Structures are given as C-alpha cells and as structure tokens.
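Colleague:
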Amino acid sequence: MAIVWAGSALLKDGWFEAVRIAIDANGLIESVTPDTPPEGIRRGVVLPSPTNVHSHSFQRSMAGLTERRGPDPSDSFWTWRQLMYRFLDQLTPDDVEAIAAFVQMEMLEAGYSTNVEFHYLHHQSDGRPYAAVSEMSDRIVAAAQTTGIGLTLLPVLYQYAGCDKRPLGRGQIRFGNSLDDFQRLFESATHSVSQLPPDSRIGVAPHSLRAVSPDDIVKIEQMAAGGPVHMHLAEQMAEVNEVVASHGMKPVRLFLESCMRPADWCVIHCTQMDADETRSLAASGAVAGLCPITEASLGDGIFNASDWMAAGGSIGIGSDSNVRISLSEELRMLEYSQRLRDHSRAALASQHKSTGRRLFEAINAGGARAAGRNSGRIAPGYVADLVALDSNNICLANRKGDSLLDSYIFSGSDSLVADVWSSGRHLVVEGRHIHHASIEQQYRKVMQNLKDVL
-2 MAIVWAGSAL LKDGWFEAVR IAIDANGLIE SVTPDTPPEG IRRGVVLPSP
48 TNVHSHSFQR SMAGLTERRG PDPSDSFWTW RQLMYRFLDQ LTPDDVEAIA
98 AFVQMEMLEA GYSTNVEFHY LHHQSDGRPY AAVSEMSDRI VAAAQTTGIG
148 LTLLPVLYQY AGCDKRPLGR GQIRFGNSLD DFQRLFESAT HSVSQLPPDS
198 RIGVAPHSLR AVSPDDIVKI EQMAAGGPVH MHLAEQMAEV NEVVASHGMK
248 PVRLFLESCM RPADWCVIHC TQMDADETRS LAASGAVAGL CPITEASLGD
298 GIFNASDWMA AGGSIGIGSD SNVRISLSEE LRMLEYSQRL RDHSRAALAS
348 QHKSTGRRLF EAINAGGARA AGRNSGRIAP GYVADLVALD SNNICLANRK
398 GDSLLDSYIF SGSDSLVADV WSSGRHLVVE GRHIHHASIE QQYRKVMQNL
448 KDVL
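Each residue of the sequence shown is one higher than the last, beginning at -2 in my numbering.
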C-alpha cells in the first residue's frame, strides 16, 4: 500500500486539510482520511487528476509547421487538413510510437492522468493494411507501456470522404476501413489493450457524420459493447452544410436520431450548434469533448459552454492536435472564450463555486465518463488518479481553497504540476516524468528524420 498525505486536498464535499490517501496494490484508493498527522509521500496540495478526452498523438510532430498562410487568403481548417495529410504520409510505426510516448509524457507532466486516443492512422502509406492489422494501434499501446499513462484507445472507423459516400482521397487512404475490416482491427486492438494494466480501456470512434454512414451508428455502438464511443460533431460550418444537404437535418439532430444510447457518447467540439441543439444534446447525457486550444488554432469557433452547463451538460477537456499540451491553458481558454463572446466575467462560475473549481470538477466528472474510467474523484474505490501542485510556487502564495485552484488555472501554468499518479503509478516527480530523458531522446530522433524527408 502507498500513502499520499496532502496538506490540502479537493474531495467530493470540498476542501479538507491534512488528508491521508491510501492506495492499494491495484491502484485504487482504499481510504481517505482528513485531519491526520503527516506520513508517506507528503505534498502540499493534491487534486483529482483529469482525463485528456481527445488526442491525435501523431499531429504533435506538426506543431509550429502550419502557421504560414498559403496562396489562398481564406486559409482555414480545410487547408490545414491538406498539410496534415502530406505530413502523415511519411510516418512509420516506429515514428508513431515515439511521438505517442512523447505526447503521453507531456500530458502527464501537464497534470493529466489518462489519454483517450482517437486513433485513425491505421494503414501503410499506400493504403494497404500492415501484416498485423492493428499495428498502428499496437504502437499507441506500446507507448502507454513506456509512459505508464492510463489509456483509453479508440480505433476510428473512417469509411468515406463525404456524406455522399465518395471514395477516400489520396491523403485519407491510411484511415479507411469497411465495417467488416474495422471489426477485425478492433478485435486485434482489443487483445493488445488487454496486455496493459487493468485500468486501460478500449472503445470505438466513428470519425464523423461525413466519414461514416449514419446507418452504421447502431452497429458501432454494439461493437463498443458498453465501452466509450466518441465522434467529431458539428465542428465546422462546411460539415454542417454538407450534412443538411445530404440528410435534410443538422448534425446534432441526425446524431440523436441515429444512436441508441447517447449517454454512452462523447461528442467532440460541437462548436456549430444553435440554442435548441445545445439544449437537446445536453439533455441527452452525451459528454461534450472540448479542445479550446486546437479549436482556436483551427478557427473552429467557440463552444457555447455557458448555456451547455446551464442545461446540465457534461464536459471533458482534450488536447486534440496537440499543438500545445497544457491543462491549465485549456481551461483558461475555455473560460476566456465565453467572456470574449459575451462581454462578461466569471462566465462559468456558479453561485457557490469559483470558475476554476466548477470547471475542474466538471472536466474530472465528464472526462471519467468519456474514458470509461472510474476516476475523477478522490474517494474510496476510485482509481488513484492524482495531481499534486507545487504549493511553494509564488503563484500559490497565501492561496487556499477555490482561490488556490483559480490561481493555478488563471495566473499559473503547468510548471505548478509537481507530481502525477495514474492508477497509483507515481509517474511525474518534481514536475518531470520518471523516463523523460529517454522518451525525449527517441522523439528527437524522429523529428530529425522527418525534417530530412519533408
């Protein structure tokens, strides 16, 4: 048994002091006892560590390479996507494993305990499957074995290039599968994930209503067998218009009419919803997977978090393109986007909880659901996903309770993250992953190789 003692900890019922957290051999919290003398690993501030609900790991290696405008003055998500297709054409399985390990390490060092990987890079550059059909998924699993992060792997079904079921383009052939081929890939990936620690999970991800037939949504839910199901939804106006033209309704309505169990789903982005869609989707129980840094980077738009949360909607936070991996900045960007749009302050605070507290608790609860993980709370029986902040950092001087959390999110940075445990595995110590040097070395080699071929 491991003991973590916190001078201050955020529990279900609020802030408590001198908290003893006992973790059993299975990585579960055995007991939580406030007002105890110091023992074990002693830290100043301990919080539940959130899940990163949406990531395309390989895109991390593109960060900083897409900030020039092309010949078209209306540069957009769609021109960025063409650059991404050219880039991924060069990636080998070894590259993907090294990049994924680096991304997972950065997530842990930013305070996340879990990576939900929305993984759609399946095949060789000519579109042929690898000899091991789940080769690329297996490399994400191998990266998780290296880093120790909690993994929820979501192999992605990508069938078509648009709602009219046109064939995949040259840049998309590494993604494509029929439903039968995808079933085989999913079964193989399931076996690989079973080799990880028992907190690991597998689910499925139909890419979007552009790339998957709505008629197959129920079949995909059945394949998931109660596990997480994720999908991009209502991210871009061009997508909304294409769905309306093909199906006579907007994406949110089409989604709700196509699936059987919306509460099992995490729908990503949802930046193009009207008020009625926001209310109906929130009421369905689906988690909204928000990626504010990427959504800003790609010009997706602003998610209506204020109305969504007022309607009782659940949220999770992800890093998506991984252009920047920063838990505190994702939350800051989410709140500030609402303020900029509405000319307001403390947009997502509640009557009894500060902005930071409400957001942090919301993403822990929603993220746990999106990952299919019994986490998000420091309580007996829950997975021991914990993050300790550096209470000696000047940003937290004379702060306690909600004001401490607000100071971390709105005036601090991820440099405040001192320690992270994922299912009891103590992976970040004094702000640095225990295998940081070797993981970074492998990533540097990949980046040099990519530089030479691009």
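Beta carbons: idealized from backbone N, C-alpha and C, even for Gly.
Predicted model only: the values in this text are computed from it and were never measured.
At the level of alpha carbons, what is the spacing between Gly353 and Val201?
Modeller: Mapped onto the sequence shown, residue 353 falls at position 356. Mapped onto the sequence shown, residue 201 falls at position 204. About 31 Å.
Colleague: From Phe84 to Gln192, what distance separates their C-alpha atoms?
Modeller: On the sequence shown, position 87 is the one that residue 84 refers to. On the sequence shown, position 195 is the one that residue 192 refers to. Cα to Cα, the separation comes out at about 31 Å.
Colleague: In or out: Leu150 buried (at least 16 other Cβ within 10 Å) or exposed?
Modeller: Stepping through the sequence shown from its first residue, residue 150 is reached at position 153. It is buried - the Cβ of Leu150 has at least 16 other Cβ atoms within 10 Å.
Colleague: With respect to 7 Å, is the separation between the Cβ of Met220 and the closest non-hydrogen atom of the ligand COA below this value?
Modeller: The model depicted lacks the ligand COA and carries no ligand whatsoever.
Colleague: What does DSSP give as the partner residue(s) for Phe172 in the beta ladder?
Modeller: Reading the sequence shown from its first residue, position 175 is the one you call residue 172. Bridge partners of Phe172: none, in fact.
Colleague: Go ahead and label His116 buried or exposed: buried means 16 or more other beta carbons lie within 10 angstroms of its beta carbon, across all protein chains shown.
Modeller: Taking the sequence shown and counting its residues from 1, the one referred to as residue 116 is at position 119. Buried, since its Cβ has 16 or more Cβ neighbours within 10 Å.
Colleague: Taking the DSSP output, what are the residues bridged to Arg422?
Modeller: On the sequence shown, position 425 is the one that residue 422 refers to. DSSP output for Arg422 lists Ser419 as bridge partner(s).
Colleague: If you draw a straight line from the alpha carbon of Ser341 to that of Gln335, how long is it in whole angstroms?
Modeller: As a working mapping, residue 341 is identified with position 344 in the sequence shown. As a working mapping, residue 335 is identified with position 338 in the sequence shown. Each residue's Cα considered, the two are about 8 Å apart.
Colleague: Just to confirm the assignment: which complete beta strand (DSSP E) runs, minimum length 3, are found wholly within the segment 296 to 327?
Modeller: Here the runs fully enclosed are 311 to 314.
Colleague: So, Arg136 versus Glu94, is the Cβ gap smaller than 8 Å?
Modeller: For the purposes of this step, residue 136 is taken as residue 139 along the sequence shown, with counting starting at 1. For the purposes of this step, residue 94 is taken as residue 97 along the sequence shown, with counting starting at 1. Contact flag set, yes.
Colleague: Can you round the beta-carbon distance between Asp382 and Ser110 to whole angstroms, since I take them to be within the 8 Å contact cut?
Modeller: Your numbering for residue 382 matches position 385 in the sequence shown. Your numbering for residue 110 matches position 113 in the sequence shown. At roughly 4 Å, the Cβ-Cβ gap stays under 8 Å, so Asp382 and Ser110 are in contact.
Colleague: Confirm, please, whether the CB-CB distance from Met81 to Gln56 is below 8 Å.
Modeller: Locating residue 56 in the sequence shown gives position 59, where the first residue counts as 1. Locating residue 81 in the sequence shown gives position 84, where the first residue counts as 1. Yes, these two residues count as a Cβ contact at 8 Å.
Colleague: For Lys350, tell me which candidate among Trp2, Leu7, Ala3 has the shortest Cα-Cα distance.
Modeller: As a position in the sequence shown, residue 350 is number 353, starting the count at 1. Taking only the C-alpha atoms, the option nearest Lys350 is Leu7.
Colleague: Taking one C-beta from the segment 420 to 439 and one from the segment 380 to 399 each time, how about it: are there three or more such pairs within less than 8 Å?
Modeller: Enough Cβ pairs lie closer than 8 Å, so yes.
Colleague: Just curious, the alpha helix (DSSP H) that Pro248 is in, first and last residue?
Modeller: Position 251 of the sequence shown, counted from the first residue, corresponds to residue 248. Element bounds for Pro248: 248 to 255.
Colleague: Going by DSSP, which residues form a beta bridge with Phe55?
Modeller: Working through the sequence shown from its first residue, we reach residue 55 at position 58. Phe55 is not bridged to any residue.
Colleague: Is the segment 293 to 300 touching the segment 13 to 33, taking contact as three or more C-beta pairs under 8 Å?
Modeller: They do not touch, by the three-pair rule.
Colleague: How far does the alpha helix (DSSP H) with Gly363 in it reach, from first residue to last?
Modeller: Position 366 of the sequence shown, counting from 1, holds the residue named residue 363. Unbroken alpha helix (DSSP H) run through Gly363: 352 to 368.
Colleague: Spell out a yes or no on whether the segment 12 to 24 and the segment 257 to 276 are touching, meaning 3 or more CB-CB pairs, one atom from each, closer than 8 Å.
Modeller: No: the two stretches stay apart, fewer than three of their Cβ pairs being nearer than 8 Å.
Colleague: Quick one: which unbroken alpha helix (DSSP H) runs of 4-plus residues sit fully inside the segment 387 to 447? Chain order, please.
Modeller: List check, alpha helix (DSSP H) in window: 399 to 408.
Colleague: Can you tell me which residues form a DSSP beta bridge with Leu270?
Modeller: To locate residue 270, count along the sequence shown from 1; it is residue 273. The amino acid occupying residue 270 in the given sequence is Met; Leu does not appear at that position. Met270 is not bridged to any residue.
Colleague: CB-CB under 7 Å to Leu401, same chain, minus the five flanking residues each way: which ones, in chain order?
Modeller: Counting from 1 along the sequence shown, the entry for residue 401 is found at position 404. Closer than 7 Å at the Cβ level, and outside the excluded window around Leu401, lie Val42, Leu393.
Colleague: Hey, Gly315 and His51: beta-carbon distance below 8 Å or not?
Modeller: The count along the sequence shown starts at 1 and reaches residue 315 at position 318. The count along the sequence shown starts at 1 and reaches residue 51 at position 54. Yes, these two residues count as a Cβ contact at 8 Å.
Colleague: Write down the C-beta distance between Ala367 and Pro225 rounded to the nearest angstrom, noting that I regard them as a contact closer than 8 Å.
Modeller: Along the sequence shown, read from residue 1 onward, the residue named residue 367 stands at position 370. Along the sequence shown, read from residue 1 onward, the residue named residue 225 stands at position 228. At roughly 6 Å, the Cβ-Cβ gap stays under 8 Å, so Ala367 and Pro225 are in contact.
Colleague: Please confirm whether Asn49 and Asn112 have their CB atoms less than 8 Å apart.
Modeller: If you number the sequence shown from 1, residue 49 lands on position 52. If you number the sequence shown from 1, residue 112 lands on position 115. In this structure, Asn112 lies closer than 8 Å to Asn49 by Cβ.
Colleague: Whose C-alpha, out of Arg198, Ser255, Ile20, is nearest the C-alpha of Asp213?
Modeller: Position 216 of the sequence shown, counting from 1, holds the residue named residue 213. Residue Ser255 is the option with its Cα nearest to Asp213.
Colleague: Going by the CB atoms, is the gap between Ala359 and Met306 shorter than 8 Å?
Modeller: Locating residue 306 in the sequence shown gives position 309, where the first residue counts as 1. Locating residue 359 in the sequence shown gives position 362, where the first residue counts as 1. A contact, by the Cβ cut-off of 8 Å.
Colleague: How far does the alpha helix (DSSP H) with Ala376 in it extend, from its first residue to its last?
Modeller: Here residue 376 refers to the residue found at position 379 when the sequence shown is read from its first residue. Per DSSP, Ala376 belongs to no alpha helix (DSSP H) and is neither H nor E.
Colleague: Please classify Met(-2) as buried or exposed, where buried requires at least 16 other C-beta atoms within 10 Å of its C-beta.
Modeller: The sequence position of residue -2 within the sequence shown is 1, counting from 1. Exposed, since its Cβ has fewer than 16 Cβ neighbours within 10 Å.
Colleague: Is the segment 278 to 293 close to the segment 322 to 329, with three or more CB pairs under 8 Å?
Modeller: As far as the Cβ criterion goes, the segment 278 to 293 touches the segment 322 to 329, which means the pair count is three or higher.
Colleague: Assign Ala231 to one of two classes, buried (16 or more other C-beta atoms within 10 Å of its C-beta) or exposed (fewer than that).
Modeller: Within the sequence shown, residue 231 is the residue found at index 234, counting from 1. Looking at its Cβ environment, which holds 16 or more other Cβ atoms inside 10 Å, Ala231 is buried.
Colleague: For Ser347, which of Leu154, Asp304, Pro203, Thr268 has the nearest alpha-carbon?
Modeller: On the sequence shown, position 350 is the one that residue 347 refers to. Among Leu154, Asp304, Pro203, Thr268, the Cα nearest to that of Ser347 belongs to Asp304.
Colleague: Taking the beta strand (DSSP E) that Ala95 belongs to, which residues open and close that run?
Modeller: The residue given as residue 95 occupies position 98 in the sequence shown. Premise fails: Ala95 lies in the alpha helix (DSSP H), 90 to 107, not in any beta strand (DSSP E).
Colleague: Report the rounded CA-to-CA distance for Ser412 versus Val426, giving the unit in angstroms.
Modeller: Here residue 412 is taken as the residue at index 415 of the sequence shown, counted from 1. Here residue 426 is taken as the residue at index 429 of the sequence shown, counted from 1. So the two alpha carbons sit approximately 12 Å from each other.
Colleague: Give the straight-line distance between the Cα atoms of Val1 and Arg198, rounded to the nearest whole angstrom.
Modeller: Reading the sequence shown from its first residue, position 4 is the one you call residue 1. Reading the sequence shown from its first residue, position 201 is the one you call residue 198. Each residue's alpha carbon lies about 26 Å from the other.
Colleague: Less than 8 Å separating the beta-carbons of Val209 and Leu278?
Modeller: As a first step, residue 209 is located in the sequence shown; it is residue number 212 there, counting from the start. As a first step, residue 278 is located in the sequence shown; it is residue number 281 there, counting from the start. It is not a contact, given that the beta carbons lie outside the stated cut-off.
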